[in-house]
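Encoded as structure tokens, the structure appears first; notes follow it.
Numbering (the numbering used here), first residue to last: 23 to 545.
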């Protein structure tokens, strides 16, 4: 091409390129203006210290739920309910980022350190409950919110003294000190009562073995009955589902409320039937109760809701129990979104996990042949009970049984066919169950029978270092824009706790300074 012809084309080429570059920088400038405007409005309206704006925070923790859990639950739901492949989970609409989960002592965290990262906004060692890496008490979001005039609540499906709820409401060197955790939760520590509402299991940690006032024997090592002490201090106590249902779905209660609905952990959703509330029911109850209690206040509430037993099912490598717990959690999250959409109070919902459990893999190679690209959700849809439940049932039935033929028939009909929905078992699998005396081994074998048939793999019965998802929603545009700005992308778990504290205008260090002791009372 002649130089003169090329020179004629250059202006138009350069002009087109300039226009594209110009549009790009205009777009970038608009984003910068929006972000800058948010900061300006935050400062003008005092939104960094949100004292002038009434608000609620609902903080969901899906214990042990990794990204694979969502993939598993989504396909399972679609298969079981006959839905299309593009019909997704409630959580799927609210994904904003991911979180790194390591603790100060290990690349793989436990639930205690993971929850303390959220509650105190700092890293600590595995096993630590509301204390820093030097075992010194750190002020939590829940405590600081209460001191600032917010109502507070804890809703779980584990024992209320378990690691996650404990990290928001107690301060001990080790998660194993559940007797002390329970005393802190009812207000017997330096700050006094900080929790207005607690719903979960773990009744046995509130009274001693010699006491049967509230059902079975307790497990406290001292002679205290914390339920009686709580009642004397003005708590309303609820000990079973019948009483729970009579409280008008949270609209007919007095505060503070202590609802201990089981002796230990609440059963898996797969096992409990209609004898206990689902996490969705518990969440709705708590949101109604706290909303009613704060309707005439200029402060809202802070509520932590944990999908506790997602983790337990993964520790057991039980895919059917795991997926049903994930779906229950998903329903509870949607209930919170519905609540936020109905209320005029600015409400922020955040959901994340403390860690992943089990190393869940959806797709598994069986044998040496190259694997098919498939997994089978229909296998899980046939399951009627968790492998934990079936192992306990088997152990009870065989405690005095010596007839091998009776044992074989029971395993085939009650455990494999009715319990797990498995009919293609072989003699070796039957023999492996009836000849094993260790319940934990039986437990593992039942889980593996199920996982192999569904083509699901597990790398461990413990935790992993996998990054976990972060979900969020707000009923106010300004709040949602801040969420997108601060929580989008990948970040440390401590950043999530720090964001919630900042959003509520809370100074956690002030609460830390109020805590009177340096080490747990029992040490």
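Virtual Cβ for every residue (Gly too), placed ideally from N, Cα, C.
Between which two residues does the beta strand (DSSP E) containing residue 351 stretch?
-> Indexing the chain shown from 1 puts residue 351 at position 329. Where residue 351 is concerned, there is no enclosing beta strand (DSSP E), although the alpha helix (DSSP H) it sits in stretches over 341-364.
With 16 other CB atoms within 10 Å as the buried threshold, where does residue 115 fall?
-> Counting from one through the chain shown, the residue named residue 115 turns up at place 93. Exposed.
Please classify residue 182: does DSSP put it in a helix, a strand, or coil?
-> Along the chain shown, one-based indexing puts residue 182 at 160. Three-state DSSP puts residue 182 in coil, outside helix and strand.
Whose C-beta lies closer than 6 Å to the C-beta of residue 233 among residues of the same chain, with five residues either side of it excluded?
-> Indexing the chain shown from 1 puts residue 233 at position 211. Result list for residue 233: 240 and 247, in chain order.
In this structure, does DSSP put residue 386 in helix, strand or coil?
-> One-based indexing of the chain shown puts residue 386 at position 364. Correct three-state label for residue 386: coil.
N-terminal and C-terminal residue of the alpha helix (DSSP H) that residue 303 is part of | Within the chain shown, numbered from 1, the residue matching residue 303 stands at position 281. Its alpha helix (DSSP H) spans residues 301-315.
When burial is assigned at 16 or more other CB atoms within 10 Å of the CB, is residue 268 buried or exposed?
-> Numbered from 1 along the chain shown, position 246 holds the residue referred to as residue 268. Exposed, because fewer than 16 other Cβ atoms sit within 10 Å of the Cβ of residue 268.
Beta strand (DSSP E) containing residue 495: first to last residue?
-> Taking the first residue of the chain shown as position 1, residue 495 is located at position 473. Where residue 495 is concerned, the enclosing beta strand (DSSP E) stretches over 490-496.
Does DSSP put residue 407 in a helix, in a strand, or in coil?
-> The count along the chain shown starts at 1 and reaches residue 407 at position 385. Coil at residue 407, not helix or strand.
Host beta strand (DSSP E) of residue 374 (start-end) = As a working note, residue 374 is residue 352 in the chain shown. Residue 374 -> beta strand (DSSP E) spans 368-374.
Euclidean distance between Cα positions of residue 64 and residue 461 = Start at 1 with the first residue of the chain shown, and residue 64 comes out as number 42. Start at 1 with the first residue of the chain shown, and residue 461 comes out as number 439. Confidence is the limiting factor: at residue 64 the pLDDT is only 46, short of 50, which leaves the residue's position unreliable, though a coordinate-based value still follows. Rounded to whole angstroms, residue 64 to residue 461 spans 58 Å at the Cα level.
Starting from the C-beta of residue 302, find all residues in its chain whose C-beta is less than 6 Å away, skip the five residues before and the five after it, and write them out in chain order.
-> Numbered from 1 along the chain shown, position 280 holds the residue referred to as residue 302. Around residue 302: 353, 354 and 357.
Backbone CA spacing between residue 445 and residue 420 [nearest angstrom] = Start at 1 with the first residue of the chain shown, and residue 445 comes out as number 423. Start at 1 with the first residue of the chain shown, and residue 420 comes out as number 398. Near 22 Å, if we compare the C-alpha coordinates of residue 420 and residue 445.
Are there 16 or more other CB atoms within 10 angstroms of the CB of residue 103, so buried, or fewer, so exposed?
-> Indexing the chain shown from 1 puts residue 103 at position 81. Exposed.
So what's residue 236 in DSSP terms, helix, strand or just coil?
-> Looking up residue 236 in the chain shown gives position 214. DSSP places residue 236 in coil when its eight states are reduced to three.
Using alpha carbons as the reference points, say which of 375, 323, 465 and 392 lies closest to residue 90.
-> Start at 1 with the first residue of the chain shown, and residue 90 comes out as number 68. Closest by alpha carbon: 375.
Going by beta carbon distance, what residues of the same chain come within less than 6 Å of residue 208, once the five residues before and after it are set aside?
-> Position 186 of the chain shown, counting from 1, holds the residue named residue 208. So the qualifying residues of the chain are 248 and 252.
Leaving aside the five residues before and after residue 276 along the sequence, list all residues of the same chain whose C-beta is less than 6 Å from its C-beta, in chain order.
-> By 1-based counting over the chain shown, the position of residue 276 is 254. Within the same chain, residue 276 has close Cβ partners 258.
Classify residue 241 as helix, strand or coil using the three-state DSSP reduction.
-> Along the chain shown, one-based indexing puts residue 241 at 219. Coil at residue 241, not helix or strand.
Same chain, Cβ closer than 6 Å to residue 361, five either side skipped, listed in chain order | Taking the chain shown and counting its residues from 1, the one referred to as residue 361 is at position 339. Result list for residue 361: 309, in chain order.
Kindly indicate if chain C contains any beta-carbon less than 7 Å away from that of residue 203.
-> No chain C is part of this structure, which consists of one protein chain only.
Can you tell me where the beta strand (DSSP E) with residue 259 in it begins and where it stops?
-> The count along the chain shown starts at 1 and reaches residue 259 at position 237. Residues 258-260.
Residue 324, buried or exposed, once every other Cβ within 10 Å from all chains shown has been counted against 16 | Taking the first residue of the chain shown as 1, we reach residue 324 at position 302. Buried, by the Cβ-count rule.
State yes or no: is the C-beta of residue 3 within less than 7 Å of the C-beta of residue 272?
-> The displayed coordinates of the chain run from 23 to 545. Any statement about residue 3 would go beyond what the structure contains.
What three-state label does DSSP hand residue 526 in the structure shown?
-> As a first step, residue 526 is located in the chain shown; it is residue number 504 there, counting from the start. If DSSP states are grouped into helix, strand and coil, residue 526 belongs with the helices.
Nearest-angstrom Cα separation, counted from residue 346 out to residue 422 = To locate residue 422, count along the chain shown from 1; it is residue 400. To locate residue 346, count along the chain shown from 1; it is residue 324. Residue 422 and residue 346: Cα-Cα distance of roughly 33 Å.
Could you spell out where the beta strand (DSSP E) holding residue 90 opens and where it closes?
-> Residue mapping note: residue 90 aligns to position 68 of the chain shown, counting from 1. Unbroken run through residue 90 is the alpha helix (DSSP H), 89-102; no beta strand (DSSP E).
C-alpha gap between residue 428 and residue 438, whole angstroms | Mapped onto the chain shown, residue 428 falls at position 406. Mapped onto the chain shown, residue 438 falls at position 416. Spanning the two alpha carbons is a distance of roughly 14 Å.
Contact the region 130-146 vs the region 292-306: 3+ CB pairs below 8 Å | no
List the endpoints of the continuous beta strand (DSSP E) containing residue 77.
-> As a first step, residue 77 is located in the chain shown; it is residue number 55 there, counting from the start. First-last of the beta strand (DSSP E) with residue 77: 77-83.
Buried versus exposed call for residue 181 [16 or more other C-beta atoms within 10 Å across all chains shown] = One-based indexing of the chain shown puts residue 181 at position 159. Looking at its Cβ environment, which holds 16 or more other Cβ atoms inside 10 Å, residue 181 is buried.
Entirely within the region 189-241 and at least 3 residues each: give me those beta strand (DSSP E) ranges in chain order.
-> 219-223
Cβ atoms of residue 219 and residue 165: under 7 Å apart, would you say?
-> The residue given as residue 165 occupies position 143 in the chain shown. The residue given as residue 219 occupies position 197 in the chain shown. No, Cβ-Cβ distance for residue 165 and residue 219 is not below 7 Å.
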